[in-house]
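Heads up, the thing below is written out as structure tokens.
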Amino acid sequence: MLSAGALAIYGALAIPLGRRNGFLIQRTAIGKPWHFVLDLLRLLLIPAFVEEVIFRVMLLPHPNEGVPGWRWLFWAALSLVLYVLYHLLLGKTIYRQANDTFSDRRFLVLVGWLGLLLTGLYWITGSLWLIVPVHWVAVVVWIYALGGKGRLPQRRFFKSKKTRVKAAPSQSDPLAA
């Protein structure tokens, strides 16, 4: 129930802003059912589970540890900044094809809001199992209903069976040597 409320709050803030500034557009992008199911599972693992383990569970003190509020807020702010910077750097390093999206201020604002919401939810509950589904649903809705798939290049995990063979240079071509 708390996760659903958190998603409702995020949606009530992010969707109107994203639509107003043109970043979020209503577009359904569900293709083959089997690919969709596999992608849902992949998105549950990466980014939802992995990012929450790193940026919430590993970086933030558990709420039951008795850490003073000001110290917890310091770690929360640091975690949030690192979370947003991670997305920016991801587009500049590992996922260069998505750099235009990952460096878009509109995207980074929405990422920051999601990170803030997830940090608050973790502070209230201390539960990884409540923040992962919120992260996952936010990503899935963005990719498959609000234009995210069109903003992210297709990632190929398996090479095509067709391979292009480069023709050998001609003997009569003087530049081929």
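In the working numbering, the protein residues as written are 853 to 1029.
All C-beta atoms in this analysis are idealised placements derived from N, C-alpha and C, irrespective of residue type, glycine included.
Around the beta carbon of Ala860, a 10 Å sphere encloses fewer than 16 other beta carbons of the protein chains shown; the residue is thus reported as exposed. By the neighbour-count criterion, in which 16 or more other beta carbons inside 10 Å mark a residue as buried, Arg879 falls on the exposed side.
Looking at the DSSP output, Leu998 bridges to Arg879. Residue nearest to Val936 within the set Phe959, Leu897, Val919, Asp891 is Phe959 (criterion: CA-CA distance). DSSP places Lys944 inside the alpha helix (DSSP H), whose first and last residues are 921-944.
When C-alpha distances from Thr971 are compared across Glu904, Ala856, Ile898, the shortest belongs to Glu904. In this structure, DSSP gives Asp956 a state outside helix and strand, which the three-state scheme calls coil. Contact annotation: His939 and Phe954 have beta-carbon atoms nearer than 9 Å.
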